[in-house]
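Per mature numbering (1 follows the signal peptide of the UniProt record, and there is no 0): the sequence shown = residues -23 to -1, 1 to 354.
Backbone N, C-alpha and C define an ideal beta-carbon position, used for all residues, glycine too.
Since we're looking at a predicted model, the values are computed, not measured.
A short worksheet on the structure shown next.
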Amino acid sequence: MRIIFVSLAVVAALLLLSACSNDTVDTESSVEPLVVGVLQVEPVNMRLSAETIAQTEGAKEIEIRPRVGGIVLKRHYHEGMAVRANEPLYLIDPDPFQKNLAEVQAEFLEQSIRAMKAKTEKERQEKLVAENFVSQRSYDNAVADLMITEAALHALKARVQQAELDLSYTTVKAPIDGITGRSLISEGALVAANSSVLTTMTQISPIWVRFSFSDNELARFNGRLSEDNVEEVILILPDGTEYPISGTINFAASEIDPLIGTQQLRATFENPDRRLLPGQFVRVRVISGRTDDVFLLPQVAVMTSDLGRYVYVIENDNVVAARQITIGEWIGKDWIILDGLHPGDQVVINNLIRLSPGMVVSPERLDASAVLSSGHY
């Protein structure tokens, strides 16, 4: 009896294990492969570019100094406002200069009369000496007197012109179109010619943008950027939007700075609405030439490991594999892929955190317009 009971127990246990095994197989077979979105990549030709941080600065930054000294009677401009070239900024007391001009003009008039008299005397002596009524010495003296009075007249004419200039300098005018700074003197202050700084002005249209690239970054542009090989400079504002007006290079250093290993560059941008101000930190994208047979991927598809950047691709039988890649710069929200992909590769775009190499998935092809910021290949 005992032997029969044990045998029945063993048979029951085997039947139970078999049932559990069948349930497990049924459960596993009922799990569907993970659905992932994929982008089939195709080679494209892209403009060769590089991007870096930059800072704006005024094209001209000028200290406004008086060219004559005196008491400042009035400030004509509002601090921080835009002014046009030749608009008045300050008025220096003109009275002393008006009086000086009047005195010099009177001296000039007096000397003009002397010159006229000397000319008349010279002409008279010329006729008399021709008829031998006067000596040659008398005629020579008349000629010398005329030359002396005319020389004095020229000197006084120069003094009149200088006095007129000094009077005009009592109105301090803007030398350029630009933005005025804070006034450094107040009305009633005494200022000295060519030394006292009244205010500053900054020309912001055009505005300049300074930036630099390392020698490694310059390698893709054959080692150097210049006015000749840069096609376009694009300015990216702090909020990520592109400035609507493109710029041009107006300075490129002829050598790499040995201390920091960079080439210094400067671009100029028109700034008609004064949207850009000196001192802003922005980014610039420099376009120079083209690169062939590269690929575009959304940034979310590119991952990083200790070995570098990689993506997941779909291989035979819908098996996931990791693929090492070499990236370039980004355009919008897309990476430029320089190496590691082939035409027709299917790159996984979503559900990346749930993937691992060797998994079998169900790929769902996505349209490029849905995943690339450029909208297409």
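The C-beta distance from Val288 to Leu274 rounds to 7 Å, short enough to meet the 8 Å contact threshold. Out of Glu209, Ile222, Arg251 and Phe190, the CA that lies nearest to the CA of Ile237 is found in Phe190. Setting aside the 5 residues that flank it on each side, Thr268 is surrounded in the same chain by Met23 and Leu25, each with a C-beta closer than 6 Å to its C-beta; the list follows chain order. When C-beta atoms of the region 104 to 111 are compared with those of the region 52 to 72, fewer than three pairs fall below 8 Å, so the two segments do not count as touching. Between Glu306 and Ala31 the beta-carbon gap is near 15 Å, outside 8 Å, which marks them as no contact. Between the C-alpha atoms of His55 and Arg187 there is a straight-line separation of about 29 Å.
DSSP, read as helix, strand or coil, puts Lys76 in helix. By the Cβ rule, the region 45 to 59 counts as touching the region 156 to 176, because three or more pairs are nearer than 8 Å. The beta carbon of Val325 sits closer than 6 Å to the beta carbons of Val13, Val15 and Tyr289 from its chain, once the five residues preceding and following it are set aside; these are given in chain order. Nearest neighbour of Gly266 by Cα position, chosen from Asn199, Pro20, Gly317 and Ser231, turns out to be Asn199. Note that the C-beta distance between Asn293 and Ser339 is not below 8 Å. Residues of the same chain with a CB within less than 7 Å of the CB of Asn248, apart from the 5 flanking positions on each side, are Ile181, Ser182, Pro183 and Ile184 in chain order. Spanning the alpha carbons of Ile330 and Gly217 requires a straight line of approximately 28 Å. Contact between the region 76 to 92 and the region 133 to 147 is present: three or more C-beta pairs spanning the two stretches fall below 8 Å. Residue range Val21 to Ile41 is occupied by the beta strand (DSSP E) that includes Ala31. In the displayed model, Thr245 falls within a strand according to three-state DSSP. Note that the C-beta distance between Val18 and Asp250 is not below 8 Å. For the 8 Å CB-CB criterion, Ala230 and Glu204 do not form a contact. Put simply, the backbone Cα of Pro334 is about 6 Å away from that of Ala299. Annotation for Tyr54: no beta strand (DSSP E) segment contains it, and DSSP assigns it neither H nor E.
Considering only Trp312, Arg44 and Thr225, the residue with the shortest C-alpha distance to Ala170 is Arg44.
In the DSSP assignment, Gln113 falls within the alpha helix (DSSP H) that extends over Gln113 to Tyr146. Residue Asn327 holds the alpha-carbon nearest to the alpha-carbon of Val277 among Glu194, Asn327, Val259 and Arg262. Just so you know, the alpha carbons of Pro20 and Leu212 end up roughly 27 Å apart. Under the 10 Å beta carbon count, Ala151 is surrounded by 16 or more other beta carbons and is classified as buried.
Counting along the chain, the unbroken beta strand (DSSP E) around Leu16 starts and ends at Leu11 to Gln17. When beta bridges are read from the DSSP output, Leu273 appears opposite Ile313. Note on geometry: alpha-carbon atoms of Glu164 and Ala129 lie some 40 Å from one another. Sequence-distant Cβ neighbours of Asp70 in its own chain, meaning closer than 6 Å and more than five residues away, are Gly47, Ile48 and Leu50.
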